[in-house]
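Inspection log for the structure reproduced underneath, given as structure tokens.
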Amino acid sequence: MSSRSDPTRWREAKRILDQALERPAAARAAFIAEASGGDEELRRDVASLAAAAEDDDNILDAPVRLPFEDVPPRSRIGERIGAYELLSELGRGGMGIVYLARRADDEFQKKVAIKLVSAGLADDVALGRFRSERQISASLDHPHIARLLDGGTTEAGEPYFVMEYVEGEPLLRYCDTRKLALRERLRLFQDVCVAVQYAHQSLVVHRDLKPGNILVTSSGEAKLLDFGIAKMLDSGGSVRAGQETATLYRMLTPDYASPEQVRGRAVTTASDVYALGVVLYELVAGRRPYHVENPEPAELLRLVCEEDPEKPSTIADAREVRGDMDAIVMKAMRKEPQRRYPSAAALSEDIERHLQGRPVLARRGTTAYRAGKFIRRHRFGVAAAGLLLVALAGGLWATLREARRAREAEVRAERRFNDVRKLANSFLFEFHDAIRDLPGSTPARALVVQRALEYLDSLSKESSGDRALRRELAEAYRRVGDVQGNPFAANLGDLQGALASYRKAIALLEPDIGSPEASDAERASLATSYLVGSGLVLSSEGNAVKALEMAKKGLALRQDLAARAPHDGALQMDLSQAWQFVAYDATAAGKPEEAAAALAAQAAILQERTRAEPANRAVRRSLAQNLYLSADAANFSGDLPAALAKYREAEEIQAVLVAEEPGSITFQRDLAWSRMEIGNCELALGDAETALVDFRRSQSVFRSMAAADANSTDPIVGLAMTHHNAGEALAKLGRSAEGLAEYRSARPLYERVVAASPSGAWTAGMLAMLYVRLADGEPDRAAACGLNRRALAIFEPIAARGAMQPDRRESFEAAKRAAAGCAPAASSKSP
Amino acid sequence: MDGLPERDITALLKDWSGGDREALERLIPAVYGELKRLAASYLRSERPDHTLQPTALVHEAFLRLQGQRSVIWSNRGHFFGIAARIMRRILVDHARRRGAAKRDGAVLKLTLVDAGSDERAPELIALDSALTRLEQLDPQQARVVELRFFGGLTVEETADASGISTATVKREWRTARAWLRREIGLEA
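Those sequence lines, one after another, are chains A and B. Here the first sequence is numbered in our numbering, starting from 1 and rising by one per residue. Here the second sequence is numbered in our numbering, starting from 1001 and rising by one per residue.
Quick look at the structure:
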């Protein structure tokens, strides 16, 4: 009997759990094991409870609020309200119904709009306050604001507002039906800003700005409706001071509500600026910033308060939106009110700057921006940035050619030396870095790399006699390789290109490295090239044997370097890292003994370093990685219990590191992967329930990583794998329908990553395995065949290279078998 | 439900606290109806300080239903227990009714967020049944959860209402939180 149903068992488990929860997360596993006193069932029981306690997604943490359903207000056409007769409905909103009306006693039959607030809402409106607010709003007199003419309460106590009747179309429809160009849209929007600014100066905040509240007349005048009305309806009803926040009744238009409004915090003019930002977003991008199919209130709340919307330019295809408009919209929509434009006027002014081609405030301060602005002012457009760079690179090349023609040997060498330096350190990287964040700069960046390579290649041919030049060239290739695809830096995702560059760097230094003249700098440089290169061989070609060979060469060099200066801590850490590369590659190559030996060597170094520097997180992190890899090795050799124990040891250190430095993506990544592996072991050992818990724990870390760094693919792969693995666990538990849903969640994530880096054999292999699973669960035969074919399309080239990893073979065979039963793909439709 | 006379409310409460389970079934629609009216009257508030505890709302609903300030509760704990149980029932019934709720247009009321939201309806139902199982296992702990979660009481108020120490409330709460989370996960 477990603590799930046995009171005695629960009492025991509760006591241990309670004490475990007193301790830091990392120390719990050990404590629970000890406190369970050898009762393995109890230990597992409490461990699963402790894991559940750590899950942040717990309904018990959510506030409880009362549910109730909407009641649509009934129409009142034909009735009289005050001196007005209601003629027809103009629209319905959250607060009530708007009617077209006319003064019953008016011989000119002048039409007005009357907003009648729903009866249910009227209960507690503080009427005194209502009147004073109405006075203020009625005093607004501006060509772009619909006047508030009158107001009051009906006999039944419902507040109503009589407003100037504006014959016009809502802003967005007006722009769309007339297909207004961006410039014209912005002009209209500026009118809206002017009106909002005027109201703010009169101390009236709109609070409910949205395109539906902005009408454009047939003469093209924007008119704002409902100014100040939201505030008037703010209840002064019974409030119990000092009570805990638990129930909060609010009504607003959530798509346009600022984070502070959604959270129920103070609403200020900055909230209107935010809403203007949303309106601008919609004008520019053609849809709302938070585009969710049928959003649930809680989800929308989270989006508005936590997530940055996609830049408008990612939605609108217009080139003119990119850059300035993105920045302006994003600045208006900042989560923190103080970081938005200080006023509606400031927003309008920045748009004016954009329209005039001057630098906008929203982007002030970035070099890349100013360079981009310069180019655009000269009527090139973003594509021209690329052309400019070609011109610059070409120019540099021409200069260098001339230099070559000058032919004075020493001068030539000196010059080249400097030019390569310049290219490597200044031209390539400053330019590359400057344009890196420009949207759509990838082709330009690739071009920079290509030009750099052409130049380096031509110099390499003539570099034979010049050792110093070769070393500079090798460095330059390495840096180009990093831009192309160093997995540890922002890169272009071109792993094969990166590998080629690294190979060139290696080829330049390798021939001389054995000579006594070889310098330590050369050895260090070559060692790094071997090691990073080995990582690239593994990730882009999936060839672990070749990778291992390369890593060992790097190791030998670093051993040599460390041996010359045994007390240099940095060199020791370099050596430790080299052992790790070797261990990693040996594991991947299926050589567990070699991996174990490498890890033992690394552990010895790290233990020594930990003694020397106990507070050093980098050292502790390495130690955890070492444990993780030892676990991997045990895993590969089939010793699952040993692997699980090591993964847990690693996880313990990693959890402490994350607790010490919660903002570190690196530490989070380590922790997330360890949890994933823990889950995998548990699953393989037959404990699918606990595995499922660990996959979810891993997932929650990956999710926070993905939120912190939207550009990195690593967390996406992790998320995909947690879904994939959760699917496996659920399948084992016989919950195959849920499992299939998990597989389906994994698919688009993998596909996204594979599309971004088609040469990544490893992720593609995961995707192929997933396709096979999805095919299994697919009732439609044709679709299942399609999925199996997709899997084979990925597996076959990997297998042809002899790079098929052992854990994938089974999947590959299954796909082959299944595909054999399918008709040949005539028109292979995607399922 | 609107027609339920004041006397009946009082009688039903007495019956219920006297052990008559069916009394609750008759009580809830009346209380819920009143709660809805109350909620509607608070609906448009955007004031940051305009917040109400579930138990306070239920209390107010009772006051309105009884039409007088005379409180029949034998003690605070008694009342809070009833209020929390009523909140639980209302939330769970609501969650059951709303398998898939529609959402129309741009305007939406941000009233049902979090625990009572449609999104979490399946979880809430799972929580309810897990809590019922916990009652079998550990009645005091289940009561702490009901008061804290459904009743919205603070640790101190919960301790006060159940006559136990705040330390005990904290302990019961956090271990129950883990236990229930696991149950919901396993049931999902």
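Think of the CB as a built atom: it goes at the ideal place given N, C-alpha and C, for glycine as much as any other residue.
In DSSP terms, what residue 217 of chain A is bridged to: Along the first sequence, read from residue 1 onward, the residue named residue 217 of chain A stands at position 217. The partner list for residue 217 of chain A (beta bridge, DSSP) reads A:168.
DSSP bridge partner residues for residue 111 of chain A (one or two, in chain order): As a position in the first sequence, residue 111 of chain A is number 111, starting the count at 1. DSSP lists A:102 as partners of residue 111 of chain A.
Contact set for residue 823 of chain A: own chain, Cβ-Cβ below 6 Å, skip 5 residues either direction: As a working note, residue 823 of chain A is residue 823 in the first sequence. Counting only Cβ-Cβ distances below 6 Å, and skipping sequence neighbours, we find nothing.
Residues sharing a beta bridge with residue 85 of chain A, DSSP: Mapped onto the first sequence, residue 85 of chain A falls at position 85. Answer by DSSP bridge pairing, in chain order: A:80 and A:102.
Residues near residue 138 of chain A in its chain [Cβ-Cβ closer than 6 Å; skip 5 each side]: Here residue 138 of chain A is taken as the residue at index 138 of the first sequence, counted from 1. Taken in chain order, the residues that qualify are 148.
Residues sharing a beta bridge with residue 222 of chain A, DSSP: For the purposes of this step, residue 222 of chain A is taken as residue 222 along the first sequence, with counting starting at 1. Looking at the DSSP assignment, residue 222 of chain A forms a beta bridge with A:216.
In DSSP terms, what residue 145 of chain A is bridged to: In the first sequence, residue 145 of chain A corresponds to position 145, counting from 1. DSSP output for residue 145 of chain A lists A:224 as bridge partner(s).
Cutoff 8 Å: residue 41 of chain A Cβ touching any chain B Cβ: Position 41 of the first sequence, counted from the start, is the residue given in the question as residue 41 of chain A. Residue 41 of chain A does not count as touching chain B.
Closest residue to residue 512 of chain A among A:731, A:631, A:471 and A:706 (Cα-Cα distance): Along the first sequence, read from residue 1 onward, the residue named residue 512 of chain A stands at position 512. Of the candidates A:731, A:631, A:471 and A:706, the one whose C-alpha sits nearest the C-alpha of residue 512 of chain A is A:471.
is_contact[residue 1081 of chain B, chain A] using C-beta, thresh 8 Å: Within the second sequence, the letter at position 81 stands for residue 1081 of chain B. No - not a single Cβ of chain A is within 8 Å of the one on residue 1081 of chain B.
Coarse secondary structure for residue 1154 of chain B, derived from DSSP in three states: Position 154 of the second sequence holds residue 1154 of chain B. If DSSP states are grouped into helix, strand and coil, residue 1154 of chain B belongs with coil.
Residue 701 of chain A: contacting residues in chain B (beta-carbon distance under 9 Å): Taking the first sequence and counting its residues from 1, the one referred to as residue 701 of chain A is at position 701. The premise fails here: residue 701 of chain A is roughly 17 Å from chain B at the closest Cβ pair, so nothing lies under 9 Å.
C-beta contact flag for residue 676 of chain A and residue 718 of chain A at 8 Å: The residue you call residue 676 of chain A lines up with position 676 of the first sequence. The residue you call residue 718 of chain A lines up with position 718 of the first sequence. Closer than 8 Å, so yes.
Whole-angstrom distance between residue 1160 of chain B and residue 173 of chain A, CA atom to CA atom: To locate residue 173 of chain A, count along the first sequence from 1; it is residue 173. To locate residue 1160 of chain B, count along the second sequence from 1; it is residue 160. Whole-angstrom Cα-Cα distance: 59 Å.
Which of helix, strand or coil DSSP assigns to residue 342 of chain A: Taking the first residue of the first sequence as 1, we reach residue 342 of chain A at position 342. Three-state DSSP puts residue 342 of chain A in coil, outside helix and strand.
The segment 597-616 of chain A in contact with the segment 640-656 of chain A per 3-pair CB rule at 8 Å: no
Short CB-CB distance (under 8 Å) between residue 1161 of chain B and chain A: Along the second sequence, read from residue 1 onward, the residue named residue 1161 of chain B stands at position 161. Output row for residue 1161 of chain B: interface = no.
For residue 104 of chain A and residue 83 of chain A, believed in contact at Cβ under 8 Å, the rounded distance: Walking along the first sequence from the start, residue 83 of chain A turns up at place 83. Walking along the first sequence from the start, residue 104 of chain A turns up at place 104. The C-beta distance from residue 83 of chain A to residue 104 of chain A rounds to 6 Å, short enough to fall under 8 Å.
Chain A within 8 Å of residue 1128 of chain B, Cβ atoms only: Walking along the second sequence from the start, residue 1128 of chain B turns up at place 128. Residue 1128 of chain B does not count as touching chain A.
Test: residue 736 of chain A CB closer than 8 Å to a CB of chain B: As a working note, residue 736 of chain A is residue 736 in the first sequence. So no, residue 736 of chain A is outside the interface.
Residue burial classification, residue 168 of chain A (beta-carbon count within 10 angstroms, cutoff 16): Taking the first residue of the first sequence as position 1, residue 168 of chain A is located at position 168. The residue is buried, with at least 16 neighbouring Cβ atoms inside 10 Å.
Own chain partners of residue 1125 of chain B with C-beta closer than 7 Å, once the 5 adjacent residues on each side are dropped: The sequence position of residue 1125 of chain B within the second sequence is 125, counting from 1. Non-local C-beta neighbours of residue 1125 of chain B in its own chain, meaning closer than 7 Å and more than five positions away in sequence, comprise 1092, 1095 and 1096, ordered along the chain.
Alpha-carbon to alpha-carbon, residue 729 of chain A and residue 791 of chain A: For the purposes of this step, residue 791 of chain A is taken as the residue at position 791 of the first sequence. For the purposes of this step, residue 729 of chain A is taken as the residue at position 729 of the first sequence. Approximately 21 Å between the Cα atoms of the pair.
Residues that residue 1175 of chain B contacts on chain A, provided the C-beta gap is smaller than 7 Å: Taking the first residue of the second sequence as position 1, residue 1175 of chain B is located at position 175. Residues of chain A whose Cβ lies closer than 7 Å to the Cβ of residue 1175 of chain B are, in chain order, 14, 17 and 18.
Option in A:558, A:536, A:537 and A:499 with minimal Cα separation from residue 521 of chain A: What you label residue 521 of chain A is simply residue 521 of the first sequence in a count that begins at 1. Residue 521 of chain A has its Cα closest to that of A:558, out of A:558, A:536, A:537 and A:499.
Any chain B beta carbon closer than 8 Å to residue 306 of chain A: Here the question's residue 306 of chain A lines up with position 306 in the first sequence. Judged by the 8 Å Cβ criterion, residue 306 of chain A is not in contact with chain B.
Coarse secondary structure for residue 574 of chain A, derived from DSSP in three states: Against the first sequence, residue 574 of chain A aligns to sequence position 574. Looking at residue 574 of chain A - three-state DSSP - the assignment turns out to be helix.
Identity of the residues DSSP links to residue 161 of chain A by a beta bridge: Walking along the first sequence from the start, residue 161 of chain A turns up at place 161. The partner list for residue 161 of chain A (beta bridge, DSSP) reads A:115 and A:151.
Top-ranked residue by Cα proximity to residue 1148 of chain B, from B:1174, B:1137, B:1123 and B:1136: Looking up residue 1148 of chain B in the second sequence gives position 148. Of B:1174, B:1137, B:1123 and B:1136, the residue nearest in Cα terms is B:1174.
Residue 269 of chain A Cβ short of 7 Å to the ligand GTP heavy atom set: The model depicted lacks the ligand GTP and carries no ligand whatsoever.
Local Cβ density within 10 Å of residue 277 of chain A, reported as buried at 16 or more and exposed below that: Mapped onto the first sequence, residue 277 of chain A falls at position 277. Residue 277 of chain A comes out buried.
Of the residues A:466, A:58, A:355 and A:549, the one placed nearest residue 184 of chain A, counting alpha carbons only: As a working note, residue 184 of chain A is residue 184 in the first sequence. Checked all of A:466, A:58, A:355 and A:549; the closest Cα to residue 184 of chain A is A:355.
Contacting positions in the segment 1131-1158 of chain B - beta carbon closer than 7 Å to chain A: 1137, 1138, 1149, 1150, 1152 and 1154
Cutoff 8 Å: residue 55 of chain A Cβ touching any chain B Cβ: Position 55 of the first sequence, counted from the first residue, corresponds to residue 55 of chain A. So yes, residue 55 of chain A belongs to the interface.
Any chain B beta carbon closer than 8 Å to residue 36 of chain A: The residue given as residue 36 of chain A occupies position 36 in the first sequence. No, its Cβ sits nowhere closer than 8 Å to a Cβ of chain B.
Candidates A:212, A:193 and A:215, of which the one nearest residue 205 of chain A by Cα: To locate residue 205 of chain A, count along the first sequence from 1; it is residue 205. Closest option to residue 205 of chain A, Cα to Cα, is A:193.
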